[in-house]
Amino acid sequence: MLVQAGEFVQPSQPVLRIAGQAGHEVILQVPAELADALREGTAVSLAAVGLEERDPLARQAMTGRIRAVVADSTGLDGFFPVAIDISPNAALRAGIGVDVRLPEPTRTAIQVPLGAILDPSGYKPFVWKEVGGHAERAWVRLGALVGDQVEILEGLHDGDRIVVRGHTQLLPGDDVGGGS
Numbered sequence: 001m002l003v004q005a006g007e008f009v010q011p012s013q014p015v016l017r018i019a020g021q022a023g024h025e026v027i028l029q030v031p032a033e034l035a036d037a038l039r040e041g042t043a044v045s046l047a048a049v050g051l052e053e054r055d056p057l058a059r060q061a062m063t064g065r066i067r068a069v070v071a072d073s074t075g076l077d078g079f080f081p082v083a084i085d086i087s088p089n090a091a092l093r094a095g096i097g098v099d100v101r102l103p104e105p106t107r108t109a110i111q112v113p114l115g116a117i118l119d120p121s122g123y124k125p126f127v128w129k130e131v132g133g134h135a136e137r138a139w140v141r142l143g144a145l146v147g148d149q150v151e152i153l154e155g156l157h158d159g160d161r162i163v164v165r166g167h168t169q170l171l172p173g174d175d176v177g178g179g180s
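Note that this note's numbering has the sequence shown beginning at 1, numbered continuously upward.
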């Protein structure tokens, strides 16, 4: 199962497993969007967590290389296995947590601050776009949340200017300045 940074997990919920090659391999499950962007041979950063009995937060940095990205999902959840070879390390054993930092996929979608979206979880999210110095509603189709930014898959184009402050009280045609 893939677990995102900051996400809560239940006790004993698997997040990844160390397997094969006498503990010199990490297998994890990633969503299709990430699996498509990963390439064999790519270097990744890892950190073993909880190696020291008296310090469960102690971390040991490691490096690894992606050995394989399975092209087919292994189940109904739509996640794809990724095998990462790691350097032999006698300290690793079953039950040790491993934090894996994979390269971020290149994103080509327009991103805007999440706060600029009105009705973001509703049926018709929109932003206020500046056109000729006036507010114009632009209905948008939202993509992935990336930090405090959200991808806009439809509804905006490169170069569009949006209103990000004071936009909750706007009406169509209101003066927003900046027009030519």
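The C-beta atom is built at its ideal place from N, Cα and C for all residues, glycine as well.
Return the CA-CA distance between residue 140 and residue 102, expressed in angstroms with no decimal places.
When rounded, the distance between both Cα atoms is 29 Å.
Buried/exposed call for residue 18, threshold 16 Cβ in 10 Å
Bear in mind that the predicted position of residue 18 carries a pLDDT of just 47, short of 50, making it unreliable; the figure below should be weighed with that in mind. Result: buried.
Between the segment 54 to 66 and the segment 116 to 127, can you find at least three pairs of beta-carbon atoms closer than 8 Å?
Not touching, per the Cβ criterion.
Could you check if residue 29 is buried or exposed, using at least 16 other CB atoms within 10 Å of its CB as the buried criterion?
buried
So the alpha helix (DSSP H) residue 34 belongs to, where does it begin and stop?
Residue 34 -> alpha helix (DSSP H) spans 32 to 37.
CB-CB under 7 Å to residue 131, same chain, minus the five flanking residues each way: which ones, in chain order?
none
Rounding to the nearest angstrom, what Cα-Cα distance links residue 24 and residue 46 in this structure?
12 Å
Residue 167, DSSP secondary structure in three states
helix
Tell me whether the beta-carbon of residue 173 lies closer than 8 Å to the beta-carbon of residue 134.
yes
Proximity below 8 Å, CB of residue 164 to CB of residue 111:
no
Along the beta strand (DSSP E) that carries residue 49, what are the first and last residues, could you check?
From DSSP, the beta strand (DSSP E) with residue 49 extends over 43 to 49.
Distance between residue 100 and residue 1 (C-alpha atoms, nearest Å):
With a pLDDT of 41 at residue 1, under the threshold of 50, the modelled position of that residue is not reliable, and the figure given next carries that caveat. So the alpha carbons of these two residues sit roughly 13 Å apart.
Specify the secondary structure class of residue 160 as computed by DSSP and reduced to three states.
Coil.
Where residue 114 falls: helix, strand or coil (DSSP):
Correct three-state label for residue 114: helix.
Residue 138 and residue 155 closer than 8 Å at C-beta
yes
Applying the criterion that 16 or more other CB atoms from any shown protein chain within 10 Å of the CB defines a buried residue, is residue 129 buried or exposed?
buried
Residues in the same chain with beta-carbon distance under 7 Å from residue 83, minus the five sequence neighbours each way, listed in chain order, please.
Only 25, 27, 67, 68 meet the Cβ criterion.
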